[in-house]
Amino acid sequence: MRIVEIFYSLQGEGVLAGVPSVFIRTAGCNLACRWCDTLYARDPQAGMELPPGAIIERLAQWPQARHCVVTGGEPTLAPELPELTGRLRAAGLHITIETNATASPEPFDYDLASLSPKLRHAGSGTPPIDPARLRAWIRRGREAQLKLVCSGAEDLPEITALQSALADCLPPDRILLMPLTDAVARTNRARCEALAQICLAHGYRYASRLHVELFGGKRGR
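The number in this note's numbering is simply the position in the sequence shown, starting from 1, with 95 added.
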């Protein structure tokens, strides 16, 4: 499978923020979000070819790691992902799959489904969010989080409609809103404060980017 990078760091986003984890970043993505911060992983030929067994061997350099995050790009595009997640399970690792949830979850083994469907502001080619597919991801795994990049109050009708569609399987505090911030400065205080108020009003969780705060968004950190 095509692997862009494998590194060890602290999780920067979501309910496991701050947890030391090994990250496996796959190549290729089926979306083209206008604010993507991992453009280097969008090319399906990026990185190097590594079979799942070789990936597991590389993880041995971090014996202290108990968590693994499979991310991208879009990892569900990799035909070898079922084998990789099976090997990660055999190694005793907690598995998070970060996905845009445009694919079905059935072939994969995971503990935490980190679902990042894209709201309409992501770009004109963004497919509509499929609540049924999200529900399948949520119900198959042990845990789930819904991470949404939010540009402001104009996204709220879309978010609340999604919350209503998933009310039977995902509580509001598992809906994580991340501010769409400046691509250079990575911060916009007014927008962040406005998003915090939305979270307070609706019971959503505000999600910062710890890895950006600590490491400035550098690759491999």
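Quick reminder that beta carbons are idealized off the backbone N, C-alpha and C, glycines included.
In the structure shown, residue 134 falls within a helical segment according to DSSP collapsed to helix, strand and coil. For residue 193, the closest C-alpha among the options 163, 202 and 156 is that of 163. Residue 207 is not a Cβ neighbour of residue 241, given a cutoff of 7 Å. Contact annotation: residue 221 and residue 173 have beta-carbon atoms that are not nearer than 7 Å. Less than 7 Å divides the Cβ of residue 294 from the Cβ of residue 272.
DSSP places residue 104 within a strand segment (E or B) once states are collapsed to three.
Beta bridge pairing from DSSP links residue 96 with no other residue. Using a Cβ-Cβ distance cut-off of 8 Å, the segment 123–132 and the segment 143–156 are not in contact, since fewer than three pairs of beta carbons, one from each stretch, lie closer than that value. Every unbroken stretch of the alpha helix (DSSP H) spanning 4 or more residues and falling wholly within the segment 159–213 is given here in chain order: 176–185. Going by DSSP, residue 238 is part of the beta strand (DSSP E) stretching over 238–245. Following the DSSP letters along the chain, one finds residue 120 inside the beta strand (DSSP E) bounded by residues 115–121. In the DSSP assignment, residue 226 falls outside any beta strand (DSSP E) and lies within the alpha helix (DSSP H) extending over 226–235. About 7 Å separates the Cβ atoms of residue 101 and residue 150, confirming a contact at the 8 Å cut-off.
About 15 Å separates the beta carbon of residue 129 from that of residue 247, a gap too long to meet the 8 Å contact definition. The DSSP-derived three-state label of residue 304 is coil.
Residue nearest to residue 202 within the set 190, 180, 256 and 139 is 180 (criterion: CA-CA distance). With 16 or more other CB atoms across the displayed protein chains lying within 10 angstroms of its CB, residue 196 is buried. Here the alpha carbons of residue 314 and residue 187 stand approximately 26 Å from one another.
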